[in-house]
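512 is the number that the working numbering gives the last residue of the sequence shown; the numbers go up by one with no jumps.
Virtual Cβ for every residue (Gly too), placed ideally from N, Cα, C.
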Amino acid sequence: MLKTGHPTALDRILGGVERLGNRLPNPFVMFLGLFVLIAIASSVAAALGATVRLPGAAEVTPVKSVLSGEGLVQLLDSAVDNFVEFPALGPVLTVVLGVGVAQGTGALEAAVRLAFYRVPRSLVPYVVAFVACQGHVMSDASFLVIPPLAALVFRAVGRHPLAGLIGAYACLGTGYAGGLLMGTLDASLAGITEKAAALLPGSGGYTTNIAMNYYFGAAAGLILPIVGGLVISRVLEPRLPARTVDAGQDGASVEVTPRERRALLASGLVVAGFLALVVLAWLIPGSPLRGPDGSLIPSPLLSNLVPIVALVFFLFGYTYGRVVGLAKEDRNLYTMMTTAIKEMGGFITLIFIVAQTLSVLSWSGLATFLAVELANTAQAVGLVGFPALVFLMLLSTVLNLVITSGSGLWSLESTVMVPALMLLGLSPAIIQATHRIGDSITQAISPMHIFLYFILAASQKYEPDLKLGTLVSRLLPFVPAFGLVWAGVLAVFYFAGLPVGPGASIHLP
């Protein structure tokens with residue numbers, strides 16, 4: 004952390020977090036220790052006869068011991084599949100192949116320089132924060148694409164690239180539930196909420212829709228970028244270590260040449276044509292890219308954006324390299340993609356132990372046990388009105404540190420919390436919106452969020468000695484800042500009685 008003058012209270016807090024975090028072992032060893040802890044905890048819980056009952060389930064489900072014969076056989080049977088089928092592995096490597104071509108030909112950097120060299124330097128953090136706060140529309144691919152591009156944006160205008168990289172990731176994670184656009188997350192959560200609402204006898208089959216949180220998310224998506232830009236420029240960037248400004252990093256060398264402009268124009272036209280064909284194929288009635296009932300959302304297209312994103316980067320980079328006149332050896336696709344994958348070696352290694360850890364956490368039933376027991380606390384205490392929503396927000400915030408899958412966490416929580424809070428007169432729409440706040444606030448700092456380690460690896464290209472504790476200390480200011488905004492937006496909607504989406508009131512009739 005950069006020290007200038009007398010340290011402030013914030014400097015001391017972040018410095019303490021940094022020192023504590025840097026005492027932790029490297030991520031691989033940390034997850035290995037967590038794996039052992041889960042194995043022991045599951046064995047103790049199983050020996051004590053711990054069980055969990057989900058609403059609507061006829062029987063209780065016991066917590067299973069990872070160290071039992073059954074647990075060891077299950078681990079051996081699934082170890083390889085856990086690794087190769089880990090949800091983040093395929094998308095990360097697929098996008099990296101396309102980005103590697105766009106990066107290797109220089110297309111990405113040229114595009115960023117063209118787009119931002121006229122943007123006032125002081126506004127860049129706010130533009131980056133705004134784009135990041137709309138990122139959930141790309142699902143997990145946003146964590147792979149937006150932060151590295153933000154680093155290039157900052158570099159292009161002579162600002163610290165780490166501020167763009169880390170700031171964009173922080174705004175993506177802590178602002179994940181906000182934004183002016185809707186995506187697959189909206190559809191999946193709405194479906195889970197509707198099923199959970201049906202568990203309440205006499206609910207009349209409450210019907211949800213993908214836009215049930217749109218007003219709420221859009222309002223937050225307009226406010227959060229302002230806060231994000233302030234934190235990036237006033238808190239994050241001033242505390243980063245000094246860097247050496249080299250060619251292409253200062254504001255005097257960001258303008259693109261006429262040849263680069265022509266190449267970018269050609270690349271843009273190719274990408275635009277490709278996307279137009281994709282959208283046209285999606286809109287045609289009876290298209291296989293539509294859902295089973297002909298729906299546009301959800302649909303196979305929106306569920307499989309990762310290869311499309313990878314193709315966009317590939318076409319953009321390949322076309323640029325041809326038009327700009329790179330030598331044949333400088334635009335060797337195999338070399339560029341191989342280099343990009345090599346740079347992900349540490350990330351791939353980490354995935355192996357992460358996959359095994361999350362697998363035993365799920366198989367043992369500890370994750371379900373924790374979620375249900377905490378959710379039952381709210382029902383037992385009898386919280387009502389706005390305090391009940393605050394409890395749900397805090398519950399999701401804490402659980403999100405362990406269960407980072409938004410739909411997975413909501414699948415566990417919703418079966419208890421939706422019926423319970425509906426009995427208190429709250430509509431499923433505001434209940435779902437509240438969960439989405441908690442699911443966002445701590446996402447960026449969760450040790451179980453695999454993209455935290457992707458950002459760590461990406462950051463080490465600019466700061467080779469960067470450790471996890473230092474990275475978390477730089478992300479931490481975004482958590483309370485965004486948390487206060489999220490809570491404020493929720494309070495305004497609740498106490499003003501504003502609908503959180505089309506036809507989605509705060510209270511049940």
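Cβ-Cβ distance between residue i and residue j below 8 Å
i: His456; j: Phe350; result: Looking at the sequence itself, residue 456 is Tyr, so the reference to His does not match. Yes.
i: Thr181; j: Leu227; result: First, the amino acid is wrong: residue 181 is Gly here, not Thr. Yes.
i: Thr167; j: Ala154; result: With the sequence shown as reference, residue 167 is identified as Gly, and Thr is not the correct amino acid for it. Taking 8 Å as the Cβ cut-off, Gly167 and Ala154 qualify as a contacting pair.
i: Pro431; j: Thr108; result: no
i: Ala447; j: Phe498; result: no
i: Gly328; j: Arg242; result: no
i: Ala42; j: Val363; result: yes
i: Val127; j: Val83; result: no
i: Phe496; j: Val488; result: no
i: Phe38; j: Gln359; result: yes
i: Leu474; j: Leu459; result: yes
i: Ile344; j: Leu92; result: no
i: Ser46; j: Val63; result: no
i: Leu117; j: Val259; result: yes
i: Leu192; j: Trp366; result: no
i: Thr400; j: Ile444; result: yes
i: Leu175; j: Ala114; result: no
i: Pro288; j: Gly294; result: no
Contact belief for residue i with residue j at Cβ below 8 Å, rounded distance in angstroms
i: Leu395; j: Leu424; result: 7 Å
i: Trp285; j: Leu304; result: 5 Å
i: Asn216; j: Ala436; result: 5 Å
i: Leu96; j: Met347; result: 7 Å
i: Phe372; j: Val32; result: Between Val32 and Phe372 the Cβ distance is about 26 Å, and since that is not below 8 Å, they are no contact.
i: Met340; j: Val405; result: Incorrect: roughly 35 Å between the Cβ atoms, too far for contact.
Cβ-based burial, residue i [other Cβ within 10 Å; buried from 16]
i: Glu88; result: exposed
i: Asn85; result: buried
i: Gly36; result: exposed
i: Gly500; result: exposed
i: Leu392; result: buried
i: Ala250; result: Low confidence applies here, because Ala250 scores a pLDDT of 37, under 50, leaving its location unreliable and the question unanswered by this model.
i: Glu332; result: exposed
i: Tyr179; result: buried
i: Thr380; result: exposed
i: Tyr129; result: buried
i: Asp442; result: buried
i: Pro164; result: buried
i: Val492; result: buried
i: Ala50; result: exposed
i: Arg530; result: As displayed, the chain neither begins before 4 nor continues past 512, which places residue 530 out of reach and without an answer.
i: Ala275; result: exposed
i: Leu40; result: exposed
i: Val387; result: exposed
i: Ala173; result: buried
i: Gln252; result: Confidence in Gln252 is poor, its pLDDT being 44 and thus under 50, which makes the residue's placement too unreliable to answer from.
i: Ala53; result: buried
i: Val326; result: buried
i: Thr1; result: The requested residue 1 is not part of the displayed model; the chain covers only 4 to 512.
Chain-order list of residues whose beta-carbon lies under 6 Å from that of residue i (same chain, five-residue window excluded)
i: Gly428; result: His510 and Leu511
i: Arg439; result: Ala180
i: Ala223; result: Gly181 and Val492
i: Asp189; result: Ile213
i: Val230; result: Ala484 and Val488
i: Leu469; result: Ser462 and Gln463
i: Asp290; result: Reading the sequence as shown, one finds Ser at residue 290 and not Asp. Taken in chain order, the residues that qualify are Ala284.
i: Gly486; result: Ile444
i: Ala507; result: Met215 and Ala432
Same chain, Cβ closer than 7 Å to residue i, neighbours up to 5 away in sequence not counted
i: Ser125; result: none
i: Val421; result: Thr196, Ala199, Ala200, Pro431 and Ile434
i: Ser81; result: Ser362
i: Ala383; result: none
i: Ala44; result: Leu369
Contact set for residue i: own chain, Cβ-Cβ below 8 Å, skip 5 residues either direction
i: Leu5; result: Because Leu5 sits at a pLDDT of 46, beneath the cut-off of 50, its placement in the model cannot be relied upon, and the following sentence gives the value as read from the coordinates. Closer than 8 Å at Cβ, skipping near neighbours: Pro241, Arg242, Leu243, Pro244 and Ala245.
i: Ala105; result: Leu111, Phe316, Phe317, Phe319, Gly320 and Tyr323
i: Glu73; result: Lys67
i: Pro505; result: Asn212, Ala214, Met215, Tyr217 and Tyr218
i: Pro94; result: Asp143, Ala144, Leu147 and Val309
i: Phe277; result: Leu314, Val315 and Leu318
Report task. Would you be able to state if there are at least three C-beta pairs under 8 Å between the segment 100 to 111 and the segment 307 to 324? Result -> Look at the beta carbons and you see the segment 307 to 324 touching the segment 100 to 111: at least three pairs across the two are nearer than 8 Å.
Report task. Evaluate the contact criterion for the segment 414 to 423 versus the segment 455 to 473: three or more CB pairs, one atom per stretch, below 8 Å. Result -> no
**Report entry** Stretch-stretch touch, CB-based, cutoff 8 Å, three pairs: the segment 224 to 242 with the segment 168 to 178
**Finding:** yes
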